[in-house]
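Below is one structure, written out as structure tokens, with a few remarks after it.
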Amino acid sequence: MSQMTPAAARVVDPVLSTVAQGYKNNEMVAGYLFPTVPVNLRGGNVITFGKEGFMLYASQRAPGENTKRVRFGYAGAPYALVDYSLEGLVPTEVEQEARNGPGIDLGAGAVTEVSAIMALRLEKQAADIARTAASYAAANKITLSGTGQWSDFSGTSDPIASIETAKEAIRAATGKRPNTIVMGAVVMSKLKQHPDIVDRIKYTGRDVATPELLASLFGVERVVSGDSIYSNDAGTAFTDVWGKDVVVAYTQLGSLQSGGLPSYGYTYQLAGYPMVEEAYYDRNAKSWIFPVTRVEAPVMAAASAGYLITNAVA
Numbered sequence: 006m007s008q009m010t011p012a013a014a015r016v017v018d019p020v021l022s023t024v025a026q027g028y029k030n031n032e033m034v035a036g037y038l039f040p041t042v043p044v045n046l047r048g049g050n051v052i053t054f055g056k057e058g059f060m061l062y063a064s065q066r067a068p069g070e071n072t073k074r075v076r077f078g079y080a081g082a083p084y085a086l087v088d089y090s091l092e093g094l095v096p097t098e099v100e101q102e103a104r105n106g107p108g109i110d111l112g113a114g115a116v117t118e119v120s121a122i123m124a125l126r127l128e129k130q131a132a133d134i135a136r137t138a139a140s141y142a143a144a145n146k147i148t149l150s151g152t153g154q155w156s157d158f159s160g161t162s163d164p165i166a167s168i169e170t171a172k173e174a175i176r177a178a179t180g181k182r183p184n185t186i187v188m189g190a191v192v193m194s195k196l197k198q199h200p201d202i203v204d205r206i207k208y209t210g211r212d213v214a215t216p217e218l219l220a221s222l223f224g225v226e227r228v229v230s231g232d233s234i235y236s237n238d239a240g241t242a243f244t245d246v247w248g249k250d251v252v253v254a255y256t257q258l259g260s261l262q263s264g265g266l267p268s269y270g271y272t273y274q275l276a277g278y279p280m281v282e283e284a285y286y287d288r289n290a291k292s293w294i295f296p297v298t299r300v301e302a303p304v305m306a307a308a309s310a311g312y313l314i315t316n317a318v319a
């Protein structure tokens, strides 16, 4: 059986699990809408909060009269975590070459590649949830067309007004102003060229509307572009994960003690995951195998805290 040297592949589960848990891809933006929440059970209820804090209660009382009471609740729709597993493969021949190279860590490399694939799967899942128009109330969505699309520079389209409408819809439904805007890469590309945007930033000394400038212009904490793509099974065609849509949302983690926050979504993740199991040698494939497992589920916790702009550009 082939022996992997420490320089070639560090088969130490905690170390490789740290590689998997620490994997970041700047093209992935799902975490801005669905921040990760560690949980200890594979099933439970989505944390949602009622609107008790917005009600005007008749709290006056006459002498001897019973004091009125307010009931709070925080259990929502059920969720179930899903197990996902993939294995990274390092052929013996490659491992042997690595022994004579500059100390390449093949184990960490295999885990990183697998993590990238699994992160793309999660990104696509989250995008599908966020871009499903049926999940939103009529007041929290719009489909643009023709001269109303942000790719039309004739003077009719108005991206700033569209975002303001979205912000007000969320504030009216939740009492919170949105803090996050996620848009497809093609939307970002067109938006930076829109005459209204160019006119607004001309006094900033910047020639290009960066995400930071757009965030300031729209009055939110962050504007991010979903640049990730996925291919068909044949690998002959590629599609943008976030398409031509824009999601405006209020998303923030809140505790039960604080009464929670009307957060748009979460990614529930089983505590201790992602996890890398001990590598094993497959004699038939003559390769070292590195199994990676994730247990998670993205969920929309409060559709009222989001606003969907479909087909923002042509």
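Throughout the sequence shown, residue numbering follows my numbering, covering 6 to 319 in sequence.
Cβ coordinates follow ideal geometry from the N, Cα and C atoms, glycine included.
A quick note: this is a predicted structure, and the numbers were derived from the prediction, not measured.
Residue state for Tyr235 is assigned as strand, using DSSP reduced to three classes. If you draw a straight line from the Cα of Ala139 to the Cα of Val87, it comes to about 23 Å.
A check of alpha carbon separations from Ala124 across Val229, Lys73, Val300, Ile314 identifies Val300 as the nearest.
Contact annotation: Ala131 and Trp247 have beta-carbon atoms that are not nearer than 7 Å. The continuous stretches of beta strand (DSSP E) do not include Gln130, which lies in the alpha helix (DSSP H) extending over residues 111 to 135.
Within the same chain, no residue comes within 8 Å of Gln65 by CB-CB distance, once the 5 residues on both sides are set aside. Leu38 places its beta carbon less than 7 Å from that of Thr256. By the C-beta criterion, the segment 139 to 156 is judged to be in contact with the segment 193 to 202, since at least 3 inter-stretch pairs fall below 8 Å. No residue range can be given for Met33, since it is assigned to no alpha helix (DSSP H) and is classified by DSSP as neither H nor E. The count of Cβ pairs closer than 8 Å, one atom from the segment 235 to 250 and one from the segment 182 to 191, reaches three, so the stretches are in contact. Cβ-Cβ separation between Pro267 and Ala307: approximately 5 Å, consistent with a contact (criterion under 8 Å).
The C-beta of Pro303 has 16 or more other C-beta atoms within 10 Å across all chains shown, which makes the residue buried. In the structure shown, Thr272 falls within a strand segment according to DSSP collapsed to helix, strand and coil. By the criterion of a C-beta distance shorter than 8 Å, Lys146 is surrounded in its chain by Ala138, Tyr312, Leu313, Ile314, Thr315, once the five residues flanking it on both sides are discounted. Distance from the Cα of Tyr273 is smallest, within the candidate group Lys181, Ser120, Val51, for Val51. Annotation for Thr179: the continuous alpha helix (DSSP H) segment containing it runs 164 to 179.
Cβ neighbours of Leu275 within its own chain (closer than 6 Å, five residues either side excluded): Leu86, Val300.
In the structure shown, Ala143 adopts helical secondary structure according to DSSP, grouped into three states.
Straight-line measurement puts the Cα of Pro96 at about 9 Å from the Cα of Asp287. For Ala254, the uninterrupted beta strand (DSSP E) segment begins and ends at 251 to 254. Sixteen is the threshold: since fewer than 16 other Cβ atoms of the shown chains lie within 10 Å of the Cβ of Ile122, the residue is exposed.
In this model, Trp293 and Glu282 are separated by some 12 Å (Cα to Cα). In the assembly as shown, Lys291 is an exposed residue. Its beta-carbon has fewer than 16 other beta-carbons within 10 Å. Cβ neighbours of Pro200 within its own chain (closer than 7 Å, five residues either side excluded): Phe158. C-alpha of Leu222 to C-alpha of Ala254: approximately 16 Å in a straight line.
Cβ neighbours of Glu226 within its own chain (closer than 6 Å, five residues either side excluded): Asn184. For Ser90, the enclosing beta strand (DSSP E) starts and ends at 87 to 96.
Here Phe243 is not near Gly93, since their CB atoms are 7 Å or more apart. Non-local C-beta neighbours of Arg211 in its own chain, meaning closer than 8 Å and more than five positions away in sequence, comprise Leu218, ordered along the chain.
In the structure shown, Pro216 adopts helical secondary structure according to DSSP, grouped into three states. When DSSP reads this structure, Leu313 sits in a beta bridge with Lys146, Val252. Shown here for Tyr84: same chain residues with a beta carbon closer than 8 Å to its own, the five before and five after excluded, namely Gly48, Gly49, Asn50, Val51, Tyr273, Ala302, Val304 in chain order.
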